[in-house]
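Colleague:
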Amino acid sequence: MKAKILGLALATLLVAVLALNSIPSQSAIIVIAFDLSNRQSPKGLEVLVEIAKPYYKVLIVSEQADLERVQPEVLKAFNEVRVGGLTALNLRDVDVLIIGQPEALIRSEAVEAIKAWFSKPNKALWIAGDSDYPAQGSEKAQQSMNAVLEAIGSVIRIDYISVEDYKENAGGAPYRVTGIVDPSPEVAFLKNNLKYNKVLFHGPGGLFVLVQGKPVNPVKQPELKPRNVYVVVRTSENSKAVENQPPEKGGLGPMFYDPLNDKVNTGPFPLMLIEVFPDNRVVIASSETMYGGYTPMTVTEYYKVPLDGPQFVTNLITYMVSLVSQPVKVTETKVVTETRTETEIRTTTLTQERTTTVQVGVSTPVATLIAVIAFLVGAVTVFLLRR
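Each residue of the sequence shown is one higher than the one before, starting from 0 at the first, in numbering that gives the first Met the number 0.
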């Protein structure tokens, strides 16, 4: 009888141990943060949170008053709201950070916090800019975007001009650009399930890359494009650089796409670029926004032009989540000395993998419950064995 009781107790403890190792912990959840701390409009945010439904969604705001601009049903879709802006504390467990078109200049402290956050493995950042059309009053979106890109070591920049397309547009207005989804082969999967291969970029600016400090149009000069930079969306050949806020009107002058320079002022221009970094880090830069702005890229139709907005953004978020979920490949170099007739040094490279964002464990409440069950089983067993 005692042997049966002891066997039952051991079996119960074994089940508890197995449960402890099979229940995923909270650390296995992908955390996606959406920034609303730089006066962004929440327009279209409802589409983003629906796309990100399977993940832990965080809304970052500057102050409580920012929440008044968000519809109650949209606010309820977030798992958590963090007040205080883009700080190290608010970014502590974020895997994917999405910054819609800022309407206020991102503060230097926030830029430093993003830089520190992005320096860690398994991070994905998507940041959106704008054109120099004075709808928001200035070129703060481009300045913010460039400050962040420079801080994290990206070669991508956005120019202080507007890009207009006289062929691919909505309703005949060249500033309502319907960007052509034409990704580099390395990211061709971003076209999956698209019907039209077009996405709205309402009033975009022009992206370029720095190659040895010099600006390059990676669409027109693909041979000069860095290997880790990929084109995702572009304009047609019938596009042109336009300046709406020249310096004499208080704007910032063009850095590369000078409308008066016929060598660089015609398209196609890149509207969205991806730059991949070591340790499963990636930045997506788009010259228009995924939420906020005049009209975000998540729309399915604009001026009767059918578009792939929601599916395209779904593909991007899926890609970012997939990347930050991968184990990090670590390369170690060891120097091995061998003695033969003479001493030579051979360098051996070893590749290892470690997982930094996905762990297996058990949440605190479940662990506590299992521990209590194990304790009670043990106590009952001891009591019965003593009888």
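Each residue gets a CB set at the ideal place from its N, CA and C atoms; glycine is no exception.
Measure the C-alpha to C-alpha separation of Gly152 and Arg280 and round it to an integer number of angstroms.
Modeller: Straight-line Cα distance between these residues: approximately 12 Å.
Colleague: Within a Cβ cutoff of 6 Å, which residues of the same chain sit near Tyr302, ignoring the five residues on either side of it in sequence?
Modeller: Answer for Tyr302: Ala169, Gly170, listed in chain order.
Colleague: With 16 as the cutoff for other CB atoms within 10 Å, does Lys1 come out buried or exposed?
Modeller: Because Lys1 carries a pLDDT of 47, less than 50, the predicted location of this residue cannot be relied on, and the following value inherits that uncertainty. That one is exposed.
Colleague: According to DSSP, which residues form a beta bridge with Pro269?
Modeller: The partner list for Pro269 (beta bridge, DSSP) reads Arg233.
Colleague: Alpha carbon to alpha carbon, what distance is there between Ser235 and Tyr195?
Modeller: Each residue's Cα considered, the two are about 15 Å apart.
Colleague: Is it the case that the Cβ atoms of Ile316 and Ile59 are separated by a distance below 9 Å?
Modeller: No. Outside cutoff.
Colleague: Taking contact to mean at least 3 C-beta pairs separated by less than 8 Å, is the stretch 30-48 in contact with the stretch 304-318?
Modeller: Yes, the stretch 30-48 is in contact with the stretch 304-318.
Colleague: List the DSSP bridge partners of Leu177.
Modeller: According to the sequence displayed, residue 177 carries Thr and not Leu. Thr177 pairs with Leu199.
Colleague: Can you tell me whether Phe117 is buried or exposed? The criterion is at least 16 other CB atoms within 10 Å of its CB, across all chains shown.
Modeller: Buried: at least 16 other Cβ atoms inside 10 Å.
Colleague: Would you report the Cα separation of Pro245 and Val327, rounded to the nearest angstrom?
Modeller: So the alpha carbons of these two residues sit roughly 46 Å apart.
Colleague: Please state whether DSSP places Ser118 in a helix, a strand or coil.
Modeller: Reduced to three states, the DSSP call for Ser118 is coil.
Colleague: List the residues that DSSP assigns as beta-bridge partners of Ser161.
Modeller: Answer is Val241.
Colleague: Count the other C-beta atoms from every protein chain shown that fall within 10 angstroms of the C-beta of Pro305, then say buried if there are 16 or more, exposed otherwise.
Modeller: Pro305 is exposed by the Cβ-count criterion.
Colleague: Closest to Lys239 by CA distance: which of Val210, Glu167, Tyr229 is it?
Modeller: Measuring from the Cα of Lys239, the nearest candidate turns out to be Glu167.
Colleague: In chain order, which continuous runs of the beta strand (DSSP E) of length 3 or greater are located wholly inside the stretch 44-75?
Modeller: With a minimum length of 3 residues, the continuous beta strand (DSSP E) runs that stay inside the stretch 44-75 are 55-60.
Colleague: Buried or exposed: Ser107, going by 16 or more other Cβ atoms within 10 Å of its Cβ?
Modeller: With fewer than 16 other Cβ atoms within 10 Å, it is exposed.
Colleague: What's the gap between the Cα of Asn390 and the Cα of Thr265?
Modeller: Nothing in the structure corresponds to residue 390, since the chain is present only between 0 and 386.
Colleague: Does the beta-carbon distance from Ile160 to Met144 come in below 9 Å?
Modeller: Not closer than 9 Å, so no.
Colleague: For the alpha helix (DSSP H) that contains Lys139, what are its first and last residues?
Modeller: 139-150 is the span of the alpha helix (DSSP H), which, as asked, contains Lys139.
Colleague: DSSP has Ile155 in a bridge; who is on the other side?
Modeller: DSSP output for Ile155 lists Val208 as bridge partner(s).
Colleague: Is it buried or exposed for Ala32, if we count other Cβ within 10 angstroms and need 16 for buried?
Modeller: Ala32 should be labelled buried.
Colleague: When DSSP labels each residue in this structure, what does Ile316 get in the three-state scheme?
Modeller: Three-state result, Ile316: helix.
Colleague: Between the Cα of Val298 and the Cα atoms of Leu35, Arg38, Gly43, Ile28, which residue gives the shortest distance?
Modeller: Ranking the options by Cα distance to Val298, first place goes to Gly43.
Colleague: Give the C-beta separation of Met289 and Gly99 to the nearest angstrom, bearing in mind that I take them to be a contact with Cβ-Cβ under 8 Å.
Modeller: Correct: roughly 6 Å between the Cβ atoms.
Colleague: Do you know how far the Cα of Asp158 is from the Cα of Asp257?
Modeller: Rounded to whole angstroms, Asp257 to Asp158 spans 9 Å at the Cα level.
Colleague: Compute the Euclidean distance between the alpha carbons of Glu163 and Gly252, then round it to the nearest angstrom.
Modeller: So the two alpha carbons sit approximately 17 Å from each other.
Colleague: So Gly128 and Gly178 are supposed to be a Cβ contact under 8 Å. How far apart are they, rounded?
Modeller: So it is not a contact: roughly 13 Å between Cβ atoms.
Colleague: Per DSSP, which one or two residues make a beta bridge with Asn168?
Modeller: Answer is Val176.
Colleague: Measure how close the beta-carbons of Val228 and Ile155 come, nearest whole angstrom, since I'm counting them as under 8 Å.
Modeller: Confirmed, about 7 Å.
Colleague: Among Leu148, Glu67, Val210, whose alpha-carbon lies nearest the alpha-carbon of Ser286?
Modeller: When only C-alpha atoms are compared, the closest one is Leu148.
Colleague: Going straight from the alpha carbon of Arg68 to that of Val230, what length do you get?
Modeller: One C-alpha to the other measures close to 34 Å.
Colleague: Once you ignore the five residues that flank Ser130 on each side, which residues in its own chain have a CB closer than 6 Å to its CB?
Modeller: So the list reads Ser161, Gly202, Pro203, Gly204, once near-sequence residues are dropped.
Colleague: By the 10 Å Cβ neighbour count, where 16 or more other Cβ atoms means buried, how is Ser36 classified, buried or exposed?
Modeller: Buried.
Colleague: Give me the Cβ distance between Glu102 and Arg38, rounded to the nearest whole Å; I'm assuming they're in contact under 8 Å.
Modeller: That belief holds up - the Cβ atoms of Glu102 and Arg38 are roughly 4 Å apart, short of 8 Å.
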